[in-house]
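Accompanying notes for the structure given below.
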Amino acid sequence: MLMCAFTSHSNVDVTILADDDYPPYSYLENGEVKGIYIDLLRRASTQLKLDYHVKIIPTPWKRALLTVKKGDVIGVVPPYLHYDSRPFISSYSVALGTEFVVTYCRENVDLKAALNLDLPVNKPVHLGMNAGYLLLDERYKQAIARGRIQLWENKSTAANVIKLLTNKIDCYVNDRKATQYELNSINKTYPQYNTVTVIEKDELSHRTAHIGFSREFSYPYKDDFIKRMNRALLDVMNETGKFKE
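Following our numbering, the numbering of the sequence shown begins with 1441 at its first residue and continues without gaps.
So this is what it looks like as structure tokens:
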């Protein structure tokens, strides 16, 4: 009976924030939010349209996380699973996809030596990462603590890739597909960078991406929405064959 009470109100507005600068997964282009995960969310949302009007709002990542922490919106896309580091996210949706976290470096950078604590290094490796992202494993954290790697947080994939190509950072850590997408895009726009060689030098992990649901969001329809969104996402992924990822 309680579930019926939640779903009897047609078109309840539900807001999900989306990373505004994470192509090809979630990004803002010409005033419209786009991406692989956005397409998936939109298709799933059509199954809920009689009861929920899902609004996907592109937002800078750190601001999106802060808004979710405050409980002002129901969720954010697409965080990895971080139960301990982000306790303000109470639960996660089914996986939207699998991402591979890798490090790209300029050709002459010896990342392996920087990560090997037993080897001497002359200067630290300057490593870029998107602001608000949680990607590094213990090898990188220890190297940073020892001064062997210096971490620089920049706003977006594009900002980091440009700094990598212009020798302002030595390496950049992010998802493989997102990095490749931005490298290809920048090289098309700025052909002068085509002569710069960057190489994938390390794979840290593979992670699944999700909708992260806010712990502080307290509206009574929250549990019903999460359950139905998960079911809709699975339906869409099974229809398209995406779920096999």
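Beta carbons are placed, not taken as given, at the ideal position from N, Cα and C, and that holds for glycine.
Quick check: His-1646 and Phe-1540, are their CB atoms within less than 9 angstroms of each other?
Yes, the Cβ-Cβ distance between His-1646 and Phe-1540 is below 9 angstroms.
Compare the Cα-Cα distances from Ala-1458 to each of Phe-1653, Gly-1681, Asp-1615, Thr-1486 and report the closest residue.
With distances taken between Cα atoms, Ala-1458 lies closest to Phe-1653.
What number of angstroms, rounded off, separates the C-alpha of Ala-1445 from the C-alpha of Lys-1509?
Bear in mind that the predicted position of Ala-1445 carries a pLDDT of just 44, short of 50, making it too unreliable to give a figure here.
CA-CA distance, Val-1613 and Gln-1620?
One C-alpha to the other measures close to 12 angstroms.
Which partner residues does Ala-1649 have in the DSSP bridge list?
Answer by DSSP bridge pairing, in chain order: Gly-1537.
Whole-angstrom Cβ separation of Cys-1611 and Leu-1551, contact assumed at under 8 angstroms?
About 6 angstroms separates the two Cβ atoms, so the contact holds.
Can you tell me whether Gly-1519 is buried or exposed? The criterion is at least 16 other CB atoms within 10 Å of its CB, across all chains shown.
For the record, residue 1519 in the displayed sequence is Pro; it is not Gly. Under this definition Pro-1519 is a buried residue.
Please identify the residue among Ala-1554, Asp-1577, Tyr-1523, Ile-1529 whose C-alpha is closest to the C-alpha of Glu-1643.
Among Ala-1554, Asp-1577, Tyr-1523, Ile-1529, the Cα nearest to that of Glu-1643 is on Asp-1577.
Would you check if there are 3 or more beta carbon pairs closer than 8 angstroms linking the region 1667-1684 to the region 1477-1493?
Touching, yes, given that three or more Cβ pairs across the two stretches are closer than 8 angstroms.
Put Leu-1591 into one of helix, strand or coil per three-state DSSP.
In this structure, Leu-1591 counts as strand in the three-state DSSP scheme.
Could you name the residues of the same chain whose beta carbon sits closer than 6 angstroms to that of Val-1513, not counting the 5 residues immediately before and after it, in chain order?
Excluding positions up to five away in sequence, the list reads Thr-1455, Leu-1457, Thr-1507.
How long is the line joining the alpha carbons of Ile-1584 and Lys-1563, rounded to whole angstroms?
Between Ile-1584 and Lys-1563, the C-alpha separation is close to 12 angstroms.
Is Pro-1463 buried or exposed, if buried means 16 or more other CB atoms sit within 10 Å of its CB?
Buried, by the Cβ-count rule.
In three-state terms, what does DSSP make of Val-1629?
For the sequence presented, residue 1629 should be read as Thr rather than Val. Reduced to three states, the DSSP call for Thr-1629 is helix.
Measure the alpha-carbon distance for Met-1677 versus Leu-1480 and round it to whole angstroms.
The straight-line gap from Cα to Cα measures roughly 8 angstroms.
According to the Cβ coordinates, are Asp-1460 and Thr-1499 closer than 9 angstroms?
A contact, by the Cβ cut-off of 9 angstroms.
Is Asn-1624 closer than 9 angstroms to Asn-1600 when the C-beta atoms are compared?
No, these two residues do not count as a Cβ contact at 9 angstroms.
From this set, Gln-1582, Tyr-1465, Tyr-1661, Ser-1533, which residue's C-alpha is nearest Leu-1673's C-alpha?
Checked all of Gln-1582, Tyr-1465, Tyr-1661, Ser-1533; the closest Cα to Leu-1673 is Ser-1533.
If you compare alpha carbons, which of Arg-1526, Asp-1615, Tyr-1580 is closest to Ala-1504?
Nearest C-alpha to Ala-1504: Arg-1526.
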